[in-house]
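Data first, discussion second: the structure below is written as structure tokens.
Number of protein chains: 2
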Amino acid sequence: MAKLKIIVSPTSFFCTRIEWALKLKGLEYELTFEDWSKGKSELLLRSNPAHKKVPVLLDDGVVIAESKVILEYIDEKWKGGDLYPLLPQDPYERAQARFWAQFADDKCFIGTWGACRAEDAQEKEKAVEAALESFTFLEKQIKGKKFFAGDKIGYLDLVAGWISHWLGVLEEAGGLKILDAERFPSLHEWAQNFAEIPPIKECLPPRDMLVNYWTALLSRLRSSAPSKL
Amino acid sequence: MAKLKIIVSPTSFFCTRIEWALKLKGLEYELTFEDWSKGKSELLLRSNPAHKKVPVLLDDGVVIAESKVILEYIDEKWKGGDLYPLLPQDPYERAQARFWAQFADDKCFIGTWGACRAEDAQEKEKAVEAALESFTFLEKQIKGKKFFAGDKIGYLDLVAGWISHWLGVLEEAGGLKILDAERFPSLHEWAQNFAEIPPIKECLPPRDMLVNYWTALLSRLRSSAPSKL
């Protein structure tokens, strides 16, 4: 079998979650880095013409894009035997994992990002409040458990995994605080624990590099935003 | 087994796709209608506190929300034997169906809705162009096939099914044209065909009711939008 390839950006947690899944499955892979300073590569444009985004998984002639779609593909293609399962077996538990994974992306990440981008103080306060409300739902999901999936890392842990490393970066770059240990004790503990587990830790990009990247991105977005009247 | 219940709105295709799935599976269900004029029901708020949105499936004590999550749940819980499969078996084909389903929701529907809402002529033209580009990708997916899934209706047909009935409504309410038969011959033919298939057709809400609803909604959104300087 040809080795799996992932087209990635070094700063994107959507890419890192794919690496985590492949490591848990014990599959070998290689990374092809996009260099945004040179524009999007011909390989990326050809592989994912609909979105033109990373990550993209190249598996022996077939191409799969969109990180949560890729995670399910990996879990369905390499299953059974000793292979690590990402999603549970029970249809209801699977539905719960998918529901909260979508929520973590759409509400928790997009909410945090919106709060980072807000420039007006009142707008920022409102956006932070909305993000905090979303994180309250995740806190309830993890309360009393080691991982979202129970005793072992699963699909939802991988999707929410950015909280353990990238959220602090976003908080720093965006000048805000979300993951307060007193407000979110279970989520905070999960995040600390998750980032220390060897197959997770070894894929984490250096924090300084991420802070530089997201700070520069926010600054660029702010300077290019239409001025307000 | 207690009969399945779906909390629905009579105008939402996100709800109708669940009805279609249950009909294809041969499962009995009953509908609980939300009456928006009275605000959100206590049942909806309790069942889906994170999004407070329809559809919600109530299945013998468990609650599942988010339409694509519900479709997968239905397909995983009632599978095998004579039960109609919604998703294919092959991991790559499943990934493709999921990818294009997400695309149909995020790009084709949201794009069309954005074009409907645009008030400024130049902004509207740009939004229509972007929506047309997205539909071009779907046209390629259906070309040469009776259904997205091949010879039989599948998951992606159900998710893209709004195109066969609601898109014309949105075009009328929003004063625009997307699904031109010359530009999108295969998608146009699929849409015509899909809406005539008995289990699909019998769930379609009356067109006049939908036109009235979406026209009133657009008018309400426009009058409440902040005036532009």
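Those protein sequence lines, which keep their order, are chains A and B.
Per full-length UniProt numbering, the first sequence starts with residue 1, numbered consecutively.
Per full-length UniProt numbering, the second sequence starts with residue 1, numbered consecutively.
We put the CB at the ideal spot given by N, CA and C, even for glycine.
In this text, all values refer to a predicted model and were calculated from it rather than measured experimentally.
**Study point:** Contact set for arginine 207 of chain B: own chain, Cβ-Cβ below 7 Å, skip 5 residues either direction
**Key:** Val169
Exercise for review: Using the Cα positions of tyrosine 92 of chain B and alanine 191 of chain A, report the straight-line distance between them to the nearest angstrom.
Suggested key: 32 Å
Practice item. Using DSSP bridges, identify the partner residues of glycine 150 of chain A. Key: A:Phe147
Check your understanding: Three-state secondary structure (DSSP) at lysine 5 of chain A?
Key -> strand
Review point. Got a sec, what are the start and stop residues for the alpha helix (DSSP H) isoleucine 18 of chain B sits in?
Key: 13 to 25
Exercise for review: Check the Cβ-Cβ distances between arginine 17 of chain A and every residue of chain B, and say whether any is below 8 Å.
Suggested key: no
Check your understanding: Straight-line CA distance for proline 199 of chain B to tryptophan 20 of chain B?
Key -> 7 Å
Check your understanding: When you compare each of B:Gly80, B:Asp105, B:Glu76 and B:Ile110 to arginine 94 of chain A by their alpha carbons, which one comes out closest?
Key -> B:Glu76
Review point. Between isoleucine 7 of chain B and chain A, is there a C-beta pair that is closer than 8 Å?
Key: no
Point to revise | Minimum C-alpha distance to arginine 183 of chain B - residue among B:Leu204, B:Ser219 and B:Lys143 | key: B:Lys143
Check your understanding: What separation, rounded to the nearest whole angstrom, lies between the Cα atoms of isoleucine 70 of chain B and arginine 222 of chain A?
Key -> 39 Å
Review point. What does valine 62 of chain B reach in chain A if we use C-beta pairs closer than 7 Å?
Key: Tyr92
Exercise for review: Please confirm if glutamate 119 of chain B has its CB atom under 8 Å from at least one CB of chain A.
Suggested key: no
Review point. Under three-state DSSP, which class holds tyrosine 213 of chain B?
Key: helix
Check your understanding: Are at least three pairs of beta-carbons, each pair with one atom in the segment 46 to 65 of chain B and one in the segment 104 to 111 of chain B, less than 8 Å apart?
Key -> no
**Study point:** Beta-carbon contacts of leucine 27 of chain B that lie in its chain and below 7 Å, excluding the five residues immediately before and after
**Key:** Leu4 and Trp78
Check your understanding: glutamine 102 of chain A versus chain B: which residues are under 9 Å apart at the beta carbon?
Key -> Glu66, Lys68 and Val69
Check your understanding: Is the segment 148 to 159 of chain A touching the segment 94 to 106 of chain A, taking contact as three or more C-beta pairs under 8 Å?
Key -> yes
Exercise for review: Mind listing, in chain order, the continuous alpha helix (DSSP H) runs of no fewer than 4 residues lying wholly within the segment 164 to 207 of chain A?
Suggested key: 166 to 174, 185 to 194 and 198 to 201
Practice item. Can you have a look at alanine 216 of chain A and say buried or exposed, based on whether 16 or more other CB atoms are within 10 angstroms of its CB? Key: exposed
Exercise for review: Report yes or no: is there a C-beta of chain A within less than 8 Å of the C-beta of phenylalanine 148 of chain B?
Suggested key: no
**Study point:** Beta carbon proximity, arginine 222 of chain B to chain A, threshold 8 Å
**Key:** no
Practice item. Would you kindly work out how many angstroms separate the C-alpha atoms of lysine 152 of chain B and leucine 179 of chain B, rounded to a whole number? Key: 22 Å
Check your understanding: Does alanine 160 of chain B come within less than 8 Å of chain A when only Cβ atoms are used?
Key -> no
Practice item. Name the one or two DSSP bridge partners that phenylalanine 33 of chain B has. Key: B:Val8
Practice item. Over the uninterrupted beta strand (DSSP E) stretch that includes alanine 65 of chain A, give me the two end residues. Key: 62 to 65
**Study point:** Residue(s) in a DSSP beta bridge with leucine 57 of chain A
**Key:** A:Ile6 and A:Ile64
**Study point:** Inter-residue Cα distance where the pair is threonine 32 of chain A and serine 41 of chain A
**Key:** 10 Å
Exercise for review: Would you mind stating whether leucine 22 of chain A and isoleucine 64 of chain A have Cβ atoms separated by less than 8 Å?
Suggested key: no
Check your understanding: With a cut-off of 8 Å, does the C-beta of phenylalanine 135 of chain A fall near any C-beta of chain B?
Key -> no
Practice item. Starting from the beta carbon of arginine 98 of chain A, find every residue of chain B whose beta carbon is closer than 9 Å, and list them in chain order. Key: Glu66, Lys68, Val69, Glu72 and Tyr73
Check your understanding: Using the C-alpha atoms, what's the distance from serine 224 of chain A back to aspartate 106 of chain A?
Key -> 24 Å
**Study point:** chain A residues whose Cβ lies nearer than 7 Å to that of glutamate 76 of chain B
**Key:** Pro91 and Arg94
Exercise for review: Between the Cα of leucine 13 of chain B and those of B:Lys52, B:Tyr84, B:Pro88 and B:Ser67, spot the shortest distance and give me the residue it belongs to.
Suggested key: Per the sequence shown, residue 13 of chain B should be read as phenylalanine rather than leucine. Minimum Cα distance to phenylalanine 13 of chain B is reached at B:Ser67.
Check your understanding: If you draw a straight line from the alpha carbon of histidine 51 of chain A to that of leucine 45 of chain A, how long is it in whole angstroms?
Key -> 9 Å
Practice item. Can you pull the chain A residues whose beta carbon is under 7 Å from the beta carbon of alanine 50 of chain B, in chain order? Key: Phe103 and Phe137
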